[in-house]
Amino acid sequence: MVLRDSVTWTSMIMGYALHGHAHDAVILFEKMVIDGVKPNSVAYVAILTACSHGGLIEEGWKHFKSMSQKYGIAPGIEHYAAIADLFGRAGRLLDAYEFVSNMHIKPTGSVWSALLSACRVHKNVELAEKVSHEITKVDPKNMGPYVLLSNMYSIAGRWKDASKLRTNMKKKGMRKTPACSWVEVKNKVHAFVSGDKSHPQYNQIETELKNISERLKVEGYVPETSEALHDVDEEQKHDLFFAHSERIAIAFAIINTPAGTSIRVTKNLRVCVDCHTATKLISKIMRREIVVRDNNRYHHFKGGDCSCGDYW
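Each residue of the sequence shown is one higher than the one before, counting from 1 in full-length UniProt numbering.
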């Protein structure tokens with residue numbers, strides 16, 4: 001780099017962190033320190049994010065402690081959230097819960113939400129209920145915990161609990177944000193909403209989705225329908241998933257770009273488990289690199305794998 005200051009170093013470290021290159025981020029952080037650049041609070045957010053996304057527990061905890069002990073930097077909310085996420089990703093949910101409960105500053109909804117996401121991944125409904133309650137106390141207008149907990153109830157087959165929770169959301173005037181995905185093709189941005197069939201090329205898109213579905217079956221793909229939010233039969237759940245906005249966007253890009261072209265999609269909500277699994281396989285059978293930016297991180301799908309290591 002021509003300009004080596006804390007801003008350029010931190011930008012690169014965070015870039016590696018968000019794109020799933022945790023080890024590279026750690027190496028870069030060490031080079032920054034060797035280069036004589038003192039890490040600041042933002043740099044620590046970047047390195048802790050990298051450790052969290054990469055599952056580097058010992059490395060992450062070491063950096064968290066060094067903030068105050070070595071550099072006199074008091075941890076802020078984003079640092080605490082990263083450590084909560086770090087423990088949660090590793091399945092150490094009780095450690096994460098204790099860590100957040102004993103923070104030196106009052107936990108915000110974002111800190112508790114990091115733990116709630118871990119509860120979803122590790123299917124700990126009991127703890128998720130406690131964490132959701134904590135979020136609603138500090139951020140009562142945040143509908144995220146309601147939606148995620150409802151999803152967890154659905155996965156566990158607790159349809160009555162899921163329905164009750166969604167009824168409470170309606171009573172409080174809460175409405176789920178519609179899932180929307182954007183993809184740029186030929187210098188024009190196209191937006192797709194889940195279930196929407198209004199696009200001029202929808203007939204072609206639907207044909208491509210059916211083609212993709214058949215090819216996925218050949219690859220041994222079995223839909224992960226446990227996250228479907230409707231108490232319907234498996235075939236209907238499968239159809240619901242293929243109406244998800246990112247799949248529509250990907251199918252549109254496939255039919256409108258040359259073979260082998262990379263596809264970049266942005267989504268306003270978190271990618272569901274089934275779409276994540278399907279997109280990995282689509283990248284393989286279509287021989288395309290597919291980059292999806294959801295509301296949590298970047299996912300680089302290539303050759304049947306994802307840069308997130310299946311944790312997001």
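C-beta atoms are modelled at their ideal positions from N, C-alpha and C, and glycine is treated no differently.
In angstroms, rounded to a whole number, what distance separates the CA positions of Val185 and His299? Cα-Cα distance, rounded: 19 Å.
Mark Thr94 as exposed unless 16 or more other C-beta atoms lie within 10 angstroms of its C-beta, in which case mark it buried. Here the sequence assigns Leu to residue 94, which means Thr is not the residue at that position. Per the 10 Å Cβ criterion, exposed.
For Ala50 versus Thr10, is the C-beta spacing smaller than 7 Å? no
Alpha carbons only, please: which of Glu59, Val100, Asn187 and Ile290 is nearest the one belonging to Glu78? The candidate whose alpha carbon is nearest that of Glu78 is Val100.
Between the segment 52-71 and the segment 19-28, do at least 3 Cβ pairs fall closer than 8 Å? yes
Start and end residues, alpha helix (DSSP H) containing Phe99: Leu93 to Ser101
Pairwise C-alpha distance: Pro140 and Asn168: 13 Å
Return the CA-CA distance between Tyr97 and Ala84, expressed in angstroms with no decimal places. Inter-residue distance for Tyr97 and Ala84 is about 8 Å (C-alpha atoms, whole angstroms).
DSSP three-state call for Lys188: helix, strand or coil? strand
Phe242 (DSSP reduced to helix, strand or coil): Residue state, collapsed to three classes: coil.
Checking 7 Å against the spacing of the C-beta atoms, do Ala249 and Val265 come in under that value? yes
Uninterrupted beta strand (DSSP E) stretches inside the segment 150-178 (no shorter than 3 residues): none
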